[in-house]
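Chemist: Here the sequence shown is numbered in the numbering used here, starting from 11 and rising by one per residue. Glycine residues also receive a C-beta, built at the ideal position from the N, C-alpha and C atoms. Computed from a prediction, not measured in an experiment: that's the story for all the values here. First the structure, which I've put down as structure tokens, then a few questions once you've had a look.
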Amino acid sequence: MEQVVTQSRRDVRAAQLSGGGAGTRGGGRGGGGQGRTGWKKWAIGTLKWGSIVAGVLLVLGIVGVVIAYNQTAIPQPNDLANKQVSIVYYSDGKTELDRIAVQDGNRESVKLNRVPKYVQDAHIAAEDRTFYQNNGISVGGILRAVKTSVTGEAQVGGSTITQQYVKNYFLTQDRTLSRKAREILIAVKIDGQLSKAEILEKYLNTIYYGRGAYGIQSAAKAYFGKDVGKLTVSEGAVLASVLNAPSLYDPANGERARANLENRYAYVLNGMVEEGWLSAADRAKHTELPKILPYKGAKSSAGPNGYITAQVKRELLTTGLTDREIDNGGLRIVTTIDKKAQTAAVAAMKDNLPKQVTGGLVAIKPGDGAVVAMYGGPDYAKDQLNTSTQAILQGGSNFKPFGVLAAVRKGISTKTKFDGDTPQTIAGTTINNFEDTSYGKVDMRRMIGRSINTAFVNLNEQIGPAATRQAAIDAGIPANTPGLGTDLTNILGTASPHVIDMASAYSTIASQGVRTKPYFVKKVTSSTGDFTYDAKPQTKRAFDQDVTADVTDAMTYTVKPGGTATKIGRTLDRPVAGKTGTSEENRSKWFSGFIPQLAVSVGMYKPTPDGKSSQKLSPQESSLYDGSTIPANIWLDFMKVVTDNMEVQDFPQRAGVGDDKVPTPTPTFTPPPVITTQEPTTTQAPTTTTTAPPSTTQKPTKTNGTGKPTPTPTTTQQPTITIPLP
Numbered sequence: 011m012e013q014v015v016t017q018s019r020r021d022v023r024a025a026q027l028s029g030g031g032a033g034t035r036g037g038g039r040g041g042g043g044q045g046r047t048g049w050k051k052w053a054i055g056t057l058k059w060g061s062i063v064a065g066v067l068l069v070l071g072i073v074g075v076v077i078a079y080n081q082t083a084i085p086q087p088n089d090l091a092n093k094q095v096s097i098v099y100y101s102d103g104k105t106e107l108d109r110i111a112v113q114d115g116n117r118e119s120v121k122l123n124r125v126p127k128y129v130q131d132a133h134i135a136a137e138d139r140t141f142y143q144n145n146g147i148s149v150g151g152i153l154r155a156v157k158t159s160v161t162g163e164a165q166v167g168g169s170t171i172t173q174q175y176v177k178n179y180f181l182t183q184d185r186t187l188s189r190k191a192r193e194i195l196i197a198v199k200i201d202g203q204l205s206k207a208e209i210l211e212k213y214l215n216t217i218y219y220g221r222g223a224y225g226i227q228s229a230a231k232a233y234f235g236k237d238v239g240k241l242t243v244s245e246g247a248v249l250a251s252v253l254n255a256p257s258l259y260d261p262a263n264g265e266r267a268r269a270n271l272e273n274r275y276a277y278v279l280n281g282m283v284e285e286g287w288l289s290a291a292d293r294a295k296h297t298e299l300p301k302i303l304p305y306k307g308a309k310s311s312a313g314p315n316g317y318i319t320a321q322v323k324r325e326l327l328t329t330g331l332t333d334r335e336i337d338n339g340g341l342r343i344v345t346t347i348d349k350k351a352q353t354a355a356v357a358a359m360k361d362n363l364p365k366q367v368t369g370g371l372v373a374i375k376p377g378d379g380a381v382v383a384m385y386g387g388p389d390y391a392k393d394q395l396n397t398s399t400q401a402i403l404q405g406g407s408n409f410k411p412f413g414v415l416a417a418v419r420k421g422i423s424t425k426t427k428f429d430g431d432t433p434q435t436i437a438g439t440t441i442n443n444f445e446d447t448s449y450g451k452v453d454m455r456r457m458i459g460r461s462i463n464t465a466f467v468n469l470n471e472q473i474g475p476a477a478t479r480q481a482a483i484d485a486g487i488p489a490n491t492p493g494l495g496t497d498l499t500n501i502l503g504t505a506s507p508h509v510i511d512m513a514s515a516y517s518t519i520a521s522q523g524v525r526t527k528p529y530f531v532k533k534v535t536s537s538t539g540d541f542t543y544d545a546k547p548q549t550k551r552a553f554d555q556d557v558t559a560d561v562t563d564a565m566t567y568t569v570k571p572g573g574t575a576t577k578i579g580r581t582l583d584r585p586v587a588g589k590t591g592t593s594e595e596n597r598s599k600w601f602s603g604f605i606p607q608l609a610v611s612v613g614m615y616k617p618t619p620d621g622k623s624s625q626k627l628s629p630q631e632s633s634l635y636d637g638s639t640i641p642a643n644i645w646l647d648f649m650k651v652v653t654d655n656m657e658v659q660d661f662p663q664r665a666g667v668g669d670d671k672v673p674t675p676t677p678t679f680t681p682p683p684v685i686t687t688q689e690p691t692t693t694q695a696p697t698t699t700t701t702a703p704p705s706t707t708q709k710p711t712k713t714n715g716t717g718k719p720t721p722t723p724t725t726t727q728q729p730t731i732t733i734p735l736p
């Protein structure tokens, strides 16, 4: 401390000499120099005392860490080490929907010498490449943890193998700084008490690999059906890859998970090469993933609800929880799923779907994004492909409202008429209407009601297909949806979204232009109370209210007389808007629609052998399963149950965007009519007069609603107009 003070005195003296010189050069009595000297005295003094305080705090901090280190005992294994079932509830928070549980007998410890060296190296390359050099902690990981705790950002990795072992085996899953501090102290203590080999052995025997497998031996059997000692280099790299987040990397969870695994697998093997644990020549032998056993899931995830549980687990991973904590952390998970709605969804699909086809149903609360019901398949234990969130099927005519959204957004009125005759060649493409029906000039409301292909392609040519694509994206269709391009026929639904995407996009229209992100988890608490999560809806305005009001009005024509789904309008005693859908070559059938409180999409398709996509329906199947029959019936059966005792709400009134720009018809020349004061008949020519006043005893003729008389046919060659009598 004395050295610091002495140095400071020398600095002050030097500053005084410098200040005096400056003052002399400044002239007069050197006042300028004295001013600068005063400021420097103040600055140096502040630095001096700051250094003293910092030194004291540093000493106290070191003493505190030493005391904390000595007083921190290595605790008993936590509840996760002994496994607790996590329970999933319906939205009421009381009724159990499912349990997240793993099979018993899935933990088997082995000695480190039974684990091949290259399998050990793969895990170190994946999780902690400084394992043999560090003292149990990662400074970078600690700083990231502090930032995460302060800012509330999503959890990021960076913990050492020792820290992971401590967190998983001894501590709880809370995200507080105090828990992180304990983790650090215990990790340092364990690193000082155990050898690296002992730490690695304990880590490999306790880490969670998904599939209910704890430890490397159980994982070897779950993924490859073999003893850990028989694992190959590539198999060891796979296990080292999946433990980071099994739900995201296990290929049993779909193509996206497999793609994630391929990237992580390459990262692990490349790391082994960089660390000198694997030669480049050997690395070249392991470019492809090894064969991985299929996984049917835990028995607790059977039936239709298993798809909900799987979706819940995926969503929980985004909160910072690990697979291990989700599977066995004793969590209490409240979902957004309404029991009445979910039961109705399963029943509607079961009662209406023919055996040779399958489909999905998703119901979303507009303006919030909460998924209140989802049908992803009949039995998750038999088939893990979710028909609502993973299967893709062409959107067909369900896409047409996005073209209307784009048009109204540009200020084009839904009363604007387009050519609906068939066939038509538009920009080199021949377009036909269903059953080759021509409609003449029709406005957008009738275009939606009758689903008139030629009129919609004419509309798309006027507004530009890029505008239709953007409207679909803004509504909620992902930009990377297969087939979502800017070709002229995109308005007819050449893109292939998921059912949940279509439900989300329609909910944007239902919520008067507010787009929401669909979610399944409403609240999570741990059994010990050290972890809580409350969902916050993610919303964004995508369209003006006037735009969606006019589009909603147009979509009501689907269920009105003359529309493609009039049965729905006749049955549900409330305002409904929607759209039927049939895709190219009859690969999929849809009905998507909404009331103010709920948006629901139903998609149906004949699956390919792998179940991931659709194949063409036969002519007989197509005639039986169009969008106005089975999908509409499913939608209606579901809504009849859900809307029972639900308040009837009206849609917003049509705003009339662009109505003032709709051209009025140009009058055409017609031969002068014969004026008569009598009602014409088919047996006698009317009496013609131009002088006699009209009689007050004749019956008035009906008008067409414009105030002009309606022409009445006669047997004469000249047109006859009957003037209504007062």
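Apart from the five residues just before and just after K451, which ones in its own chain have a Cβ nearer than 6 Å to its Cβ?
Modeler: Hits under 6 Å: K427.
Chemist: Am I right that G222 and T216 are in contact with their C-beta atoms under 8 Å? What's the rounded C-beta distance?
Modeler: About 14 Å; that fails the 8 Å criterion.
Chemist: By how many angstroms is the C-alpha of E193 removed from the C-alpha of S257?
Modeler: So the alpha carbons of these two residues sit roughly 25 Å apart.
Chemist: To the nearest angstrom, how far is it from the Cα of D237 to the Cα of K546?
Modeler: Computed Cα separation, rounded: 45 Å.
Chemist: Which of helix, strand or coil does DSSP assign to Y615?
Modeler: DSSP places Y615 in strand when its eight states are reduced to three.
Chemist: For Y106, does the count of other Cβ atoms within 10 angstroms reach 16, so buried, or fall short, so exposed?
Modeler: Before going on, a small fix: residue 106 reads as Glu here, not Tyr. With fewer than 16 other Cβ atoms within 10 Å, it is exposed.
Chemist: If you follow the beta strand (DSSP E) that G286 is in, where does it begin and where does it stop?
Modeler: It is not in any beta strand (DSSP E) - G286 carries neither H nor E in the DSSP assignment.
Chemist: Should A358 be labelled buried (16 or more other beta-carbon atoms within 10 Å of its own) or exposed?
Modeler: Result: buried.
Chemist: Tell me whether P475 is buried or exposed, calling it buried when 16 or more other Cβ atoms sit within 10 Å of its Cβ.
Modeler: P475 comes out buried.
Chemist: Do you know offhand how far Q663's Cα is from E298's?
Modeler: Approximately 59 Å between the Cα atoms of the pair.
Chemist: Based on DSSP bridge pairs, tell me the residues matched to I374.
Modeler: Beta-bridge pairing links I374 to V381, A609.
Chemist: Considering only C-alpha positions, which residue in the set T329, D497, N442 is nearest to K532?
Modeler: Checked all of T329, D497, N442; the closest Cα to K532 is T329.
Chemist: Straight-line CA distance for A267 to A250?
Modeler: Going from the Cα of A267 to the Cα of A250 covers about 15 Å.
Chemist: Quick one: residues in its chain with C-beta nearer than 7 Å to the C-beta of N145, no 5 flanking neighbours on either side, listed in chain order?
Modeler: Answer for N145: V198, D201, listed in chain order.
Chemist: Helix, strand or coil for T216 per DSSP?
Modeler: Note: T216 maps to helix in three-state DSSP.
Chemist: Tell me whether V149 is buried or exposed, calling it buried when 16 or more other Cβ atoms sit within 10 Å of its Cβ.
Modeler: Exposed, since its Cβ has fewer than 16 Cβ neighbours within 10 Å.
Chemist: Report the three-state DSSP secondary structure of Y128 (helix, strand or coil).
Modeler: Of the three classes helix, strand and coil, the one that applies to Y128 here is helix, per DSSP.
Chemist: Quick one: is the Cβ of A230 within less than 8 Å of any heavy atom of the ligand FMN?
Modeler: Ligands in the displayed structure: none, and consequently the ligand FMN is not present.
Chemist: Note down the Cα distance separating T345 from V372, rounded to an integer number of angstroms.
Modeler: Cα to Cα, the separation comes out at about 15 Å.
Chemist: Once DSSP output is grouped into helix, strand and coil, what is the label at L107?
Modeler: Strand, per DSSP.
Chemist: To the nearest whole angstrom, what separates the beta carbons of F661 and T581, a pair I think is in contact under 8 Å?
Modeler: No, F661 and T581 are not in contact; Cβ-Cβ is about 18 Å, not under 8 Å.
Chemist: Buried or exposed: K410, going by 16 or more other Cβ atoms within 10 Å of its Cβ?
Modeler: Result: buried.
Chemist: Select from G572, I436, Q548, S407 the residue whose C-alpha is nearest the C-alpha of S602.
Modeler: Among G572, I436, Q548, S407, the Cα nearest to that of S602 is on S407.
Chemist: Please state if the CB of A575 and the CB of T568 are separated by a distance shorter than 9 Å.
Modeler: For T568 and A575, yes; Cβs fall inside 9 Å.
Chemist: So what does DSSP say about K206, is it helix, strand or coil?
Modeler: It is helical.
Chemist: Closer than 6 Å by C-beta to S311: which residues in its own chain qualify, once you throw out the five before and the five after it? Chain order, please.
Modeler: Within the same chain, S311 has close Cβ partners T319, Y390.
Chemist: Buried or exposed: S514, going by 16 or more other Cβ atoms within 10 Å of its Cβ?
Modeler: With 16 or more Cβ atoms within 10 Å of its Cβ, S514 is classed as buried.
Chemist: Can you grab the Cα-Cα spacing for the pair G377 / A609, in whole Å?
Modeler: Spanning the two alpha carbons is a distance of roughly 10 Å.
Chemist: In angstroms, rounded to a whole number, what distance separates the CA positions of Y142 and Y100?
Modeler: Approximately 47 Å, taken between the alpha carbons.
Chemist: Does T618 pass the burial test, meaning 16 or more other C-beta atoms within 10 Å, or should it be called exposed?
Modeler: Per the 10 Å Cβ criterion, exposed.
Chemist: Pick helix, strand or coil for V299, following the three-state DSSP scheme.
Modeler: It should be noted that the sequence gives Leu, not Val, for residue 299. In the structure shown, L299 sits in coil (DSSP, three-state: anything other than H, G, I, E or B).
Chemist: Report yes if the C-beta distance between G264 and Q400 is below 9 Å; otherwise report no.
Modeler: Yes, these two residues count as a Cβ contact at 9 Å.
Chemist: Report the rounded CA-to-CA distance for A416 versus A351, giving the unit in angstroms.
Modeler: So the alpha carbons of these two residues sit roughly 32 Å apart.
Chemist: Since I343 and H508 should fall inside the 8 Å C-beta cutoff, what is the C-beta to C-beta distance between them, to a whole number of angstroms?
Modeler: The pair is not a contact, with the Cβ atoms about 23 Å apart (cut-off 8 Å).
Chemist: Quick check on the DSSP output: what are the complete alpha helix (DSSP H) runs of length 4 or more inside the region 473-561, in order along the chain?
Modeler: The qualifying runs are 475-485, 509-520.
Chemist: Measuring alpha carbon to alpha carbon, tell me which of R109, I605, V612, G572 ends up nearest N338.
Modeler: Answer by Cα proximity: R109.
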